[in-house]
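Chemist: Take a look at this one; I'll ask things after.
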């Protein structure tokens, strides 16, 4: 199985660090960093400190506005996901990076949403 994991913020790097390590051992794993948080103190330092491997795709999806950033994430993640064709996409789901699920839907890639129902204790709730 080929799984792509999308992240882009400091909290996602922290929370997914052990998941990334595990997926790297268990399956063909593609790591995609949107670049939502692009400053070294919000990104690079956490990859280093948590010993997370470099991403396979770095989308550099910065923008001067919310709309510009979202557009860049959607456009660039579509290219990465179309090229990789993963069997599943893993997202946490509470950041702009999570918008990659829209692209996954269009490409018929099922999504693992790690935080589904997390706060209401009902995993049927997105």
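In the working numbering, the protein residues as written are 207 to 332.
Glycine included, each C-beta is placed from N, C-alpha and C at the ideal position.
#1: Name the DSSP bridge partner or partners of residue 318?
#2: If you measure between the beta carbons of residue 302 and residue 234, is that distance less than 7 Å?
#3: Are the segment 287-302 and the segment 211-223 touching, with three or more C-beta to C-beta distances below 8 Å?
#4: Using a Cβ-Cβ cut-off of 7 Å, state whether residue 316 counts as contacting chain D.
#5: According to DSSP, what are the bridge partners of residue 287?
#6: Tell me whether residue 273 is buried or exposed, calling it buried when 16 or more other Cβ atoms sit within 10 Å of its Cβ.
#7: When the Cα atoms are used, what is the spatial distance from residue 277 to residue 313?
#8: Between residue 296 and residue 236, is the Cβ-Cβ spacing less than 7 Å?
#9: Between the alpha carbons of residue 304 and residue 257, how many angstroms are there, rounded?
#10: Check whether the Cβ atoms of residue 263 and residue 279 sit closer than 7 Å, and answer yes or no.
#11: Using DSSP bridges, identify the partner residues of residue 311.
Modeler: On the basis of the coordinates in this document:
#1: As a working note, residue 318 is residue 112 in the chain shown. Partner(s): 296.
#2: Against the chain shown, residue 302 aligns to sequence position 96. Against the chain shown, residue 234 aligns to sequence position 28. Taking 7 Å as the Cβ cut-off, residue 302 and residue 234 do not qualify as a contacting pair.
#3: yes
#4: In the structure shown, chain D cannot be found, because there is only a single protein chain.
#5: Position 81 of the chain shown, counted from the start, is the residue given in the question as residue 287. None, per the DSSP bridge assignment.
#6: Counting from 1 along the chain shown, the entry for residue 273 is found at position 67. Residue 273 is exposed by the Cβ-count criterion.
#7: As a working mapping, residue 277 is identified with position 71 in the chain shown. As a working mapping, residue 313 is identified with position 107 in the chain shown. Cα to Cα, the separation comes out at about 17 Å.
#8: Translated into the one-based positions of the chain shown, residue 296 becomes position 90. Translated into the one-based positions of the chain shown, residue 236 becomes position 30. Their beta carbons are not under 7 Å apart, which means residue 296 does not touch residue 236 by this criterion.
#9: Within the chain shown, the letter at position 98 stands for residue 304. Within the chain shown, the letter at position 51 stands for residue 257. About 23 Å.
#10: Counted from its first residue, the chain shown places residue 263 at position 57. Counted from its first residue, the chain shown places residue 279 at position 73. No; because the gap between Cβ atoms is not below 7 Å, this pair is not in contact.
#11: Your numbering for residue 311 matches position 105 in the chain shown. Answer is none; residue 311 lacks a bridge partner.
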